[in-house]
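Enquirer: The structure's right below; bear with me while I get my questions together.
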Amino acid sequence: MKELENLKEAVLREYPRMNKESKFNFSCHTGISCFNMCCTDVNIFLTPYDVIRLKNKLGISSQEFLDKYTFLPIDESQNHPVVMLKMNGDEKKSCPFVRENGCSVYGDRPWPCRMFPLGVASPKVSRGDDGGKFYFMIEEPVCKGYMEHKDQAVGDWIKEQGIEEYAEMGELFKEISLHDYFKEKKQLTPAKLEMFYTVCYNIDKFREFVFDSTFLKRFEVDEEIVNEIRKDDEELLKFGFTWLRYSLFGEKTMRVKAGSIDQSSRMGAGSRAR
Ligand code: SF4
Ligand code: SF4
22 MKELENLKEA VLREYPRMNK ESKFNFSCHT GISCFNMCCT DVNIFLTPYD VIRLKNKLGI
82 SSQEFLDKYT FLPIDESQNH PVVMLKMNGD EKKSCPFVRE NGCSVYGDRP WPCRMFPLGV
142 ASPKVSRGDD GGKFYFMIEE PVCKGYMEHK DQAVGDWIKE QGIEEYAEMG ELFKEISLHD
202 YFKEKKQLTP AKLEMFYTVC YNIDKFREFV FDSTFLKRFE VDEEIVNEIR KDDEELLKFG
262 FTWLRYSLFG EKTMRVKAGS IDQSSRMGAG SRAR
């Protein structure tokens, strides 16, 4: 994690800043000599939306996906859990999804895999503030794609790679992960950290929390939303972000039902209400 912090500082300090109109030279295709080489020994942080896309692509539960394909890096400077893709234990440390003919989860590959060879950086780290956001080229010595003669604009690349689909969820996640609560150096309790992890990464478990506990007896949730979140992971994740703003940070994003006692603070956010 220290290495990543150093890289982030170097990007902000030294890397040429690109915008959506900036052009760059790059092409990746099956015949290229470095094919698949970028899919070994790589650090990939997964967003909550990445986890949903991947576990649904694989047809497994979020719990199974987390157990099989991820790990939680330990870093004392991190104020909330982050999830990384676990490489295989082979000599090359291959991504579990790479096959001879390429990425086996290509249509649902994680955000960083879509963006490559571009990265996004911002000198500001507050939620709701994209001031100064810029794109930059990632330097990857093994990659020969930079030598191909295909000039393109950053904005076109973003469209082609399906990155726009990830934007809304990314912004909603930033509302949580870059919350002012953390800027004030406050620490989440273990129960709240558990709830953060459940909502953001273990969406099937969060669904159980909502539907198999007293949750819906305690909070006003429109029937339409209840119907959506019962069957739609993406809607459930959006609802989960709203719940986290209430349960972790005390924002007034949820309504307690008349006559119900809001026990969320007493139980901790990781409550197992029955
Ligand atoms: S998810 Fe796909 S594109 Fe990303 S590293 Fe793994 S195999 Fe490569
Ligand atoms: S190393 Fe670069 S060009 Fe080669 S397969 Fe990976 S992204 Fe494509």
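In the numbering used here, each residue carries its 1-based index in the sequence shown increased by 21. Glycine included, C-beta positions come from ideal geometry on N, C-alpha and C. For clarity, every value in this text was computed on a predicted model and none was experimentally measured.
#1: Counting beta carbon pairs with one atom in the region 199-213 and one in the region 89-97, are three or more of them shorter than 8 angstroms?
#2: Between the alpha carbons of L258 and V220, how many angstroms are there, rounded?
#3: Tell whether a beta-carbon distance below 8 angstroms holds between G166 and F240.
#4: Could you check whether the Cβ of R74 sits closer than 7 angstroms to any heavy atom belonging to ligand 3?
#5: Once DSSP output is grouped into helix, strand and coil, what is the label at Y311?
#6: Determine the direct distance from the alpha carbon of L28 to that of M58, and round the result to whole angstroms.
#7: Helix, strand or coil for T263, going by three-state DSSP, please let me know.
#8: For a test of the three-state rule: what should DSSP assign to S43, helix, strand or coil?
#9: Does the region 170-179 come within contact of the region 40-55, defined as at least 3 CB pairs closer than 8 angstroms?
#10: Please classify T68 as buried or exposed, where buried requires at least 16 other C-beta atoms within 10 Å of its C-beta.
#11: Where does G271 fall in DSSP's three states?
#12: Just checking P131 against ligand 1 - is the residue's beta carbon closer than 7 angstroms to any of the ligand's heavy atoms?
#13: Return the CA-CA distance between L33 and A279, expressed in angstroms with no decimal places.
#14: Can you tell which of G271, R251 and K41 has the C-alpha that lies nearest to the C-alpha of Q173?
#15: Is it true that the CB of Y222 sits closer than 8 angstroms to the CB of V298?
Expert: Checking against the coordinates, here is how it stands:
#1: no
#2: Walking along the sequence shown from the start, residue 258 turns up at place 237. Walking along the sequence shown from the start, residue 220 turns up at place 199. Each residue's alpha carbon lies about 7 angstroms from the other.
#3: Stepping through the sequence shown from its first residue, residue 166 is reached at position 145. Stepping through the sequence shown from its first residue, residue 240 is reached at position 219. Cβ distance not < 8 angstroms, so G166 and F240 don't count as in contact.
#4: With respect to ligand 3, the structure offers nothing, as its ligand set consists of ligand 1 and ligand 2.
#5: Since the first and last residues shown for the chain are 22 and 295, residue 311 lies out of range.
#6: Taking the first residue of the sequence shown as position 1, residue 58 is located at position 37. Taking the first residue of the sequence shown as position 1, residue 28 is located at position 7. Cα-Cα distance, rounded: 21 angstroms.
#7: Working through the sequence shown from its first residue, we reach residue 263 at position 242. Helix, per DSSP.
#8: Taking the first residue of the sequence shown as 1, we reach residue 43 at position 22. Coil, per DSSP.
#9: yes
#10: For this step, residue 68 is matched to residue 47 along the sequence shown. Counting Cβ neighbours within 10 Å, T68 comes out buried, since at least 16 surround it.
#11: The residue labelled residue 271 in the question sits at position 250 within the sequence shown. Coil at G271, not helix or strand.
#12: In the sequence shown, the residue the question calls residue 131 occupies position 110. P131 Cβ: within cutoff of ligand 1.
#13: The count along the sequence shown starts at 1 and reaches residue 33 at position 12. The count along the sequence shown starts at 1 and reaches residue 279 at position 258. Rounded to whole angstroms, L33 to A279 spans 50 angstroms at the Cα level.
#14: If you number the sequence shown from 1, residue 173 lands on position 152. Selected option, being the one with the closest Cα: K41.
#15: Outside the shown range of the chain (22 to 295) lies residue 298, about which nothing can therefore be said.
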